[in-house]
Amino acid sequence: MPMIEVKALVKTYSGPVEALRGIDLRVEKGQIYALLGPNGAGKSSTMRILASLSQPTAGRVKLAGHDVFGPDEYSGQGHRGAEAARTALRRDMGYVAQASTSDETLTGRENLRMQGRLFGMGGDDLARHVAHLLKLFDLDEAADRRTKGWSGGMRRRLDLAMGLIHGPQILILDEPSAGLDPQSRAVMWREIRHLAQDQGMTILFSTHYLEEADQLADRVAIIDQGRIVAEGSPKALKDRLEGDLISIRFATAPDPQDLAERLAKAGLPTDHASADAVPAALGPDQDRLDLRVAQGSSILPLLIGALDGLPLLDVSMARPRLDDVYLQVTGRRFKAADGDREAKSSAASPDIADHSAPQDETVS
Numbered sequence: 217m218p219m220i221e222v223k224a225l226v227k228t229y230s231g232p233v234e235a236l237r238g239i240d241l242r243v244e245k246g247q248i249y250a251l252l253g254p255n256g257a258g259k260s261s262t263m264r265i266l267a268s269l270s271q272p273t274a275g276r277v278k279l280a281g282h283d284v285f286g287p288d289e290y291s292g293q294g295h296r297g298a299e300a301a302r303t304a305l306r307r308d309m310g311y312v313a314q315a316s317t318s319d320e321t322l323t324g325r326e327n328l329r330m331q332g333r334l335f336g337m338g339g340d341d342l343a344r345h346v347a348h349l350l351k352l353f354d355l356d357e358a359a360d361r362r363t364k365g366w367s368g369g370m371r372r373r374l375d376l377a378m379g380l381i382h383g384p385q386i387l388i389l390d391e392p393s394a395g396l397d398p399q400s401r402a403v404m405w406r407e408i409r410h411l412a413q414d415q416g417m418t419i420l421f422s423t424h425y426l427e428e429a430d431q432l433a434d435r436v437a438i439i440d441q442g443r444i445v446a447e448g449s450p451k452a453l454k455d456r457l458e459g460d461l462i463s464i465r466f467a468t469a470p471d472p473q474d475l476a477e478r479l480a481k482a483g484l485p486t487d488h489a490s491a492d493a494v495p496a497a498l499g500p501d502q503d504r505l506d507l508r509v510a511q512g513s514s515i516l517p518l519l520i521g522a523l524d525g526l527p528l529l530d531v532s533m534a535r536p537r538l539d540d541v542y543l544q545v546t547g548r549r550f551k552a553a554d555g556d557r558e559a560k561s562s563a564a565s566p567d568i569a570d571h572s573a574p575q576d577e578t579v580s
C-alpha cells in the first residue's frame with residue numbers, strides 16, 4: 217500500500233483559475249519524493265490539500281491509508297468518530313509550511329513544547345522528544361534563546377523539528393530550503409536523508425531548485441501549469457534524453473539564417489540546422505544556442521570551427537540535466553518559466569496571482 221496516493225486532484229479558485237488540473241501521485245513507504253516546478257505551478261496548492269488545509273475541487277487523497285476527503289473516512293461515525301479519524305490522520309502526518317510557523321517571541325524549546333501539546337503530548341515524554349529533536353537538528357545550544365535572534369537556517373530546522381514532534385509516518389515539506397544559504401541547505405538535505413534512510417519515514421517535498429530534486433529525491437514529479445508532465449527517478453528522467461547537450465552563448469544575438477548555414481556546414485542534421493529550427497533553438501533572448509547531439513565530442517570541434525568570427529561568450533558540453541527534461545516536456549527553460557510566473561504574480565491580484573504561495577494557516 218502506498219503511503220501517499222493522489223488521484224485526479226483538481227483545484228479551481230475564483231476567477232476561475234485552475235491551479236491543479238488532474239494531479240496523480242503515488243509515494244511508497246520510505247521514499248523521498250520531490251514535486252518540482254517553477255513558482256506558481258501548483259506545488260503549494262497540492263501540499264496544502266495533502267495537509268488538509270485546503271479542500272480540493274475534485275479528486276481523492278489517501279495518506280497512510282486515510283481517505284482524507286472521502287466519505288468513507290468520517291461518515292457514519294458521528295461527531296466523536298469523525299474527530300477521532302481526523303486526529304489519527306494528523307498524528308500520521310507532519311507538515312512544514314513554506315513560511316515559518318514558529319513564534320519568534322518564544323524560545324526554541326518553548327516552540328517545540330507548544331507544538332507537542334497540540335498533539336496531546338506532555339510530561340516527561342514530551343520533554344524527552346523535545347531534547348532529542350533539539351540535539352538532532354543541532355539546536356540544543358540555542359534552545360533557550362528566543363528564536364527572533366536565530367538565523368534563517370536555524371529557524372528552518374526548528375520548523376522541521378516541529379513537524380516531527382509527534383512522530384509522524386509521513387512528512388510533507390513545502391519548499392523546505394527556500395531562502396537558505398548553501399551550507400544551511402546542505403544541512404537540511406542531510407537531515408531529510410536521515411529521516412528516510414534511518415527511520416523509514418515517507419517524505420514528500422516541493423521545490424523549484426533543480427539541484428535539490430536531482431540530488432535528494434528518489435523520485436521526481438515535474439509539475440507545470442497544474443499538471444504532472446513527467447515522473448520518475450532523476451536518472452530515469454535524464455536518461456530519456458540521449459546524447460550530449462552543447463550550449464553556446466553569444467555576446468550579441470546572431471543572425472538566424474547565417475547561423476543555420478554555419479550549423480549545416482558543421483554537419484548538424486537539418487532538424488538542428490534549418491532556418492525554422494535555429495530561432496527556436498536560440499531561445500527567447502536569441503543569444504543562447506542549445507543543441508542535443510549524439511556524439512558531442514566529435515561534433516564540438518566542427519561546430520566551433522563553423523562559428524568562427526561570431527562573438528562567442530562561452531561554449532560548454534554536458535550530459536542531460538533536469539532542466540533539459542523540463543525543456544523537452546514544456547518547450548521552455550525552467551529559469552525562464554520561473555521568471556515568467558514571478559512577473560505575472562507581481563502584476564496580478566495577490567489572491568489569484570500565485571496560488572502556490574502559503575497562506576497564514578497553521579497545523580494543529
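Residue numbering for the sequence shown follows this note's numbering, beginning at 217 and increasing consecutively. Cβ coordinates follow ideal geometry from the N, Cα and C atoms, glycine included.
{"Asked": "Given 8 Å, three or more beta-carbon pairs between the stretch 377-390 and the stretch 333-343", "Found": "yes"}
{"Asked": "For T321 and R372, believed in contact at Cβ under 8 Å, the rounded distance", "Found": "Not a contact, Cβ separation roughly 18 Å."}
{"Asked": "Cβ shell of K364 (< 6 Å), same chain only, five flanking positions each side left out", "Found": "E320"}
{"Asked": "Whether L225 touches G275 by CB criterion (7 Å)", "Found": "yes"}
{"Asked": "Candidates D503, M263, E407 and L355, of which the one nearest L475 by Cα", "Found": "D503"}
{"Asked": "Residue span of the beta strand (DSSP E) that contains Y542, given as start and end", "Found": "Unbroken run through Y542 is the alpha helix (DSSP H), L538 to T546; no beta strand (DSSP E)."}
{"Asked": "Contiguous beta strand (DSSP E) assignments of at least 3 residues, all confined to the stretch 359-396", "Found": "386-390"}
{"Asked": "Buried versus exposed call for S369 [16 or more other C-beta atoms within 10 Å across all chains shown]", "Found": "One detail in the question is off: residue 369 reads as Gly in this sequence, not Ser. Per the 10 Å Cβ criterion, buried."}
{"Asked": "Extent of the continuous beta strand (DSSP E) to which R443 belongs", "Found": "R443 to G448"}
{"Asked": "CA-to-CA distance, L518 to P398, given in whole angstroms", "Found": "38 Å"}
{"Asked": "Rounded separation between D506 and S463 - CA only", "Found": "5 Å"}
{"Asked": "Selected residue, minimal CA-CA separation from Y229, among V222, K223 and R237", "Found": "R237"}
{"Asked": "DSSP bridge partner residues for D440 (one or two, in chain order)", "Found": "R443"}
{"Asked": "DSSP state of S230 mapped onto helix, strand, coil", "Found": "coil"}
{"Asked": "Closest by C-alpha distance to A510, when choosing among G483, L529 and M309", "Found": "G483"}
{"Asked": "Beta carbon of E221 nearer than 7 Å to that of G442", "Found": "no"}
{"Asked": "First through last residue of the beta strand (DSSP E) which encompasses G483", "Found": "Neither: G483 is in no beta strand (DSSP E) and is coded neither H nor E."}
{"Asked": "Nearest neighbour of R508, chosen from L523, E391 and Q544 [CA to CA]", "Found": "Q544"}
{"Asked": "Three-way DSSP call (helix, strand, coil) for V312 in this model", "Found": "strand"}
{"Asked": "Among E477, D390, S514 and T546, nearest to A522 - alpha-carbon criterion", "Found": "E477"}
{"Asked": "Neighbourhood of Y311 by C-beta distance below 7 Å, restricted to the same chain and skipping five residues each side", "Found": "A267, G379, I388 and V579"}
{"Asked": "Three or more C-beta pairs below 8 Å linking the stretch 433-451 and the stretch 237-249", "Found": "yes"}
{"Asked": "Identity of the residues DSSP links to D460 by a beta bridge", "Found": "V509"}
{"Asked": "Closest Cα partner of M330 within the set P527, P232, D308 and A377", "Found": "A377"}
{"Asked": "Cβ-Cβ distance between L538 and D430 below 7 Å", "Found": "yes"}
{"Asked": "The ligand HEM heavy atom lying under 6 Å from the CB of K245", "Found": "This structure lacks the ligand HEM; in fact it carries no ligand of any kind."}
{"Asked": "Coil, strand or helix - R307 by DSSP", "Found": "helix"}
{"Asked": "Where E244 sits in the DSSP three-state scheme", "Found": "coil"}
{"Asked": "Inter-residue Cα distance where the pair is S316 and G448", "Found": "30 Å"}
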